[in-house]
Each structure stands twice: as structure tokens, then as C-alpha cells.
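To convert a position in the sequence shown, counted from 1, into our numbering, add 168.
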Amino acid sequence: MSKFNITGIFLWVGSITLLIFQILSSLMNREDFWGYLNLGKIIGNEYVNWINGISLFYIQKSLYAIISMPLFIILFLGGIALFLIDSMFNYK
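Here it is as C-alpha cells:
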């Protein structure tokens, strides 16, 4: 196994763990930090205001979509990207 595969597996495990925490939090009717976790919530919305300074609307809209996307989806897609990179550039 390469480093890309191992990192992709860790991202998938983190994604599944985060999803389980969010499911358990919603089943217990708790609206705390685990309720809806995204990059804007982790970084802080006051630190992502630089996106408003981007002049191209489509890039601005895309960055807001990534920042507001649930974190478990970002981790899952990151794992898929690493698996694809490993399969394309398999140096054995």
C-alpha cells in the first residue's frame, strides 16, 4: 500500500467517524458543535470574509460552496481523490 492509499483510508475513517458523531448528536436532540460541522464553522466565519474580495463571482460562489459543505463529504471526496491519484500514478 502506498502513502496515498493509507491517507485515503484515514480520510474515509475520519469521514465515517464524523458522520457517526453527527448522527448520534441529532438522535440525542443536541444542537452543539457536532450538529452540522463544516469548514466555516471550524475556521470561523470571520476568517473567510476574504472570499468577498474575489472579483470573479463563479470562483466566489464555488469557494462558499466548499466552505459550507459538510466536513464528512469533504473528507470522503478527499479520500476518493487520493485513491484516484494513486491508481493513476502507481509507481511500482
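All C-beta atoms, glycine included, are put in the ideal place defined by N, C-alpha and C.
Using DSSP with H/G/I as helix, E/B as strand and the rest coil, what is Asn258?
Here residue 258 refers to the residue found at position 90 when the sequence shown is read from its first residue. Coil.
Would you give the residue range spanned by the alpha helix (DSSP H) that Val181 belongs to?
Along the sequence shown, one-based indexing puts residue 181 at 13. Looking at the DSSP string, the run of the alpha helix (DSSP H) that includes Val181 is 171-195.
Just to confirm the assignment: which complete alpha helix (DSSP H) runs, minimum length 4, are found wholly within the region 210-254?
Those alpha helix (DSSP H) runs which fall completely within the region 210-254 and span 4+ residues are 225-236.
Between Phe244 and the rest of its own chain, which residues show a CB-CB distance below 6 Å, the 5 nearest in sequence each way excluded?
Reading the sequence shown from its first residue, position 76 is the one you call residue 244. Its chain contains Ser183 as the residues whose beta carbon lies nearer than 6 Å to that of Phe244, once the 5 sequence neighbours on both sides are disregarded; these appear in chain order.
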